[in-house]
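> Counting in this note's numbering, the sequence shown runs from 1 upward without gaps.
Heads up, the beta-carbon is just placed ideally off N, CA and C, and yes, glycines get one too.
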Amino acid sequence: MAGSLMIEAPASRNWPRMSETMIREGRHFPIMDGQKIFKTAVRRLPEVAHRTLAAAGLKSEDIDLYIPHQANLRINQAFQRAMGLPEDKVFHNVQKFGNTTAASIPIALDEALERGIIGPGSTVMFIALGAGLTWGAVIFRFGSHSL
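1. Straight-line CA distance for L53 to K59?
2. As a quick exercise: from S144, S19, N99 and I23, pick the residue whose alpha carbon is nearest that of P68.
3. Cutting at 6 Å between CB atoms, please list the residues of its own chain near V90, excluding the five before and the five after it.
4. What's the C-alpha gap between N93 and T101?
5. Under 8 Å between the Cβ atoms of F29 and I75?
6. According to DSSP, what are the bridge partners of M125?
7. Among the residues of its own chain, which have a CB less than 8 Å from the CB of I107, if the five just before and after it don't count?
8. Nearest-angstrom Cα distance between M125 and G136?
9. Which residue wins for smallest C-alpha separation from L133, given the options L45, E61 and G116?
Structural data, given as structure tokens:
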């Protein structure tokens, strides 16, 4: 991936500064190689999930719910298939709200709690791929007190 340009936001850095000409020519819009991003996400998300599970001494079936970043339903479904997870173990709401960027996991968590999908005693994996093409996961076990 080194040297691979997958996402670019022209005129978002110090140079070149955005100009009227750039806007007129349509060169101010972000550019993304969606196919490369998709392939990278589908490869990296299961890798980081397995590493996180191993570090916690858990197996995939020990997780009550997986809440991935809600960027793209196809990416989340590919993650689900790669992990061999049943539909009810992976939370999706991107089709309802769209990609809410950094708020996607907190919004999904709130909805899962509100709907009673998870609650006290639940073990949840939050997993994301994001800006700068970074990825990570965390496993959170909710205490037994009321949420």
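From the atom records:
1. 6 Å
2. N99
3. Y66 and Q80
4. 13 Å
5. no
6. Y66 and I139
7. Q70, N93, F97 and T100
8. 10 Å
9. L45
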